[in-house]
Each structure stands twice: as C-alpha cells, then as structure tokens.
Amino acid sequence: RKEVEQDPGPFNVPEGATVAFNCTYSNSASQSFFWYRQDCRKEPKLLMSVYSSGNEDGRFTAQLNRASQYISLLIRDSKLSDSATYLCVVNLKGINAGNMLTFGGGTRLMVKP
Amino acid sequence: DAGITQSPRHKVTETGTPVTLRCHQTENHRYMYWYRQDPGHGLRLIHYSYGVKDTDKGEVSDGYSVSRSKTEDFLLTLESATSSQTSVYFCASSPGQGIGGNTIYFGEGSWLTVV
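First to last, the sequence lines map onto chains A and B.
Following the working numbering, the numbering of the first sequence begins with 1383 at its first residue and continues without gaps.
Following the working numbering, the numbering of the second sequence begins with 47 at its first residue and continues without gaps.
The structure is reproduced here in structure tokens:
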C-alpha cells in the first residue's frame, strides 16, 4: 500500500461543475496536510493547507477526516484554468520529525468548455 | 513565491559522466530538498538538508550526493549518470519553523536527459 494514495484520474468535467478529490494516508500520526497544484511541465505550487476544522479559499474547500485517514479537495464552479494535476501532500512522520513531506501521485483534472 | 532558482534548467549528458545541479534560495529557509519526478512515481525525495552541512538521505538516494556549504545553496551531484536518472529534478525549500513552517516551495525544475 502506498503511503499517500490518490486516484490518478483524469477527471473530465464541464465548466461550472463541482468536482471532489480524495487522498488517503497511511500514518495516523500525520500532522500536516496540503494540496498542491501542478501544471504541465511546471513546478508544484501550494494551493492550500488543510486544517483539522476544514478550510475554504474561494471556490476551493479542503477537509480532513482523521478517523478515516483521508483529506479531500472540493472545487466548485470549475473553470478551464483549473485544469491541472492536484497533489496531496502529507507529513507522515508527525510534527517532531521535521519537514518530511510525502507526495501522492496526483489527480489530473481536465475542465472542458 | 519563494525565490528558488535552479541551474541548469535543461541538460543532456552521457552515461558515466558526473553531473551537478545547483539550487539557490533567497528566503533564508532552513530546509532544502531535492526531488525527482517520474511518470508513475510522482515526486520522490532524493536528499534533504536541515542546515548548513547537515544532510540526510531520502527515499531514492542511491547514485546521488548532496552538499550544502551555505544556507542559500544546495547542490545535487550524480556521481556517474545512468539512463535511469533521466528525470525532472525539483529543488525545494521550507522555513522549518513557525506558522507555515512545513510549507514547501519549489524551484522551476531541471530537465536532465542521460544518453
């Protein structure tokens, strides 16, 4: 089992649709969670951190479910510019182990006109 | 965006030659990292540094070495390049403390082809 797992997709959705991705992680002691966005042939860029209480940034909502060990990303009113690969990132060793972040393989989103 | 630059951005080299990739950051971040990204494997950590002259191995460190002589610079060396090391290499850094201390910022990547 991979330490951080994502459905690779692609998720093909029309403009304006709502789409959600999940990411599961293996270590229940994990403390830090992030969503990164990566465009083709570009570097990953931070989309949002994921907090225990859940958080929202415009059309994007991130949730953490510790009991089931997954995080989710919800995108509302999808735009063509949302087309990218979304990477789930987890600190698997817990907060005292430094910045040892592990990346999921990414979920590819394609938003169509 | 954090100021992280990588050089060279693109390189073609021959099997068996040594190659050094350079990473420079202007954010005074404590941690620096080298990742490689390959289809089907995602981003994998090669080596990381938690301070000047303090480095440790990541998930896929065989065939690579690193050095950090200054806070702002982190070098990755392929001791004897092989075709399996053809990849995109990303340097990254993070503050390591405080709010957002775990957030990683990436350089633009170095495309390496070993022929």
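Note that beta-carbon positions come from the ideal geometry of N, C-alpha and C, so glycine has one too.
Neighbouring residues, chain B, relative to residue i (Cβ below 7 Å)
i                       : result
residue 1485 of chain A : 88 and 89
residue 1488 of chain A : 88
residue 1414 of chain A : 148
residue 1473 of chain A : 148
CA-to-CA distance, residue j to residue i, given in whole angstroms
i                       : j                       : result
residue 154 of chain B  : residue 1421 of chain A : 11 Å
residue 152 of chain B  : residue 1495 of chain A : 31 Å
residue 91 of chain B   : residue 79 of chain B   : 7 Å
residue 1466 of chain A : residue 83 of chain B   : 16 Å
residue 1449 of chain A : residue 115 of chain B  : 43 Å
residue 1390 of chain A : residue 1488 of chain A : 6 Å
residue 1443 of chain A : residue 1493 of chain A : 18 Å
residue 1426 of chain A : residue 128 of chain B  : 26 Å
residue 1491 of chain A : residue 1462 of chain A : 10 Å
residue 54 of chain B   : residue 1457 of chain A : 36 Å
residue 159 of chain B  : residue 135 of chain B  : 11 Å
residue 103 of chain B  : residue 60 of chain B   : 25 Å
residue 1410 of chain A : residue 1432 of chain A : 15 Å
residue 1419 of chain A : residue 133 of chain B  : 20 Å
residue 106 of chain B  : residue 139 of chain B  : 18 Å
Reference residue i; option with closest CA among the options
i                       : options                           : result
residue 6 of chain B    : B:139, B:131 and B:112            : The structure shown does not extend to residue 6 of chain B, since chain B is modelled only from 47 to 161, so the question has no answer here.
residue 1414 of chain A : A:1399, A:1437, A:1400 and A:1471 : A:1471
residue 118 of chain B  : B:98, B:150, B:134 and B:86       : B:98
residue 126 of chain B  : B:138, B:147 and B:109            : B:109
residue 1384 of chain A : B:148, B:133, B:69 and B:86       : B:86
residue 66 of chain B   : B:123, B:112 and B:138            : B:123
residue 1468 of chain A : A:1399, A:1416, A:1436 and A:1396 : A:1416
Cβ neighbour criterion (16 or more within 10 Å) applied to residue i
i                       : result
residue 1464 of chain A : buried
residue 1394 of chain A : exposed
residue 75 of chain B   : buried
residue 1486 of chain A : buried
residue 1484 of chain A : buried
residue 1423 of chain A : exposed
residue 221 of chain B  : The shown model of chain B, from 47 to 161, leaves out residue 221 of chain B, and the question about it has no answer.
residue 1412 of chain A : buried
residue 1434 of chain A : exposed
Within chain B, partners of residue i - CB distance below 8 Å
i                       : result
residue 1428 of chain A : 149, 150 and 151
Per-residue contacts from residue i into chain A (C-beta, under 9 Å)
i                      : result
residue 154 of chain B : 1424 and 1425
Residue i: contacting residues in chain A (beta-carbon distance under 7 Å)
i                      : result
residue 120 of chain B : What residue 120 of chain B touches in chain A: nothing, since even the nearest Cβ is about 14 Å away.
Quiz item: Are the segment 1452-1460 of chain A and the segment 1401-1414 of chain A touching, with three or more C-beta to C-beta distances below 8 Å?
Solution: yes
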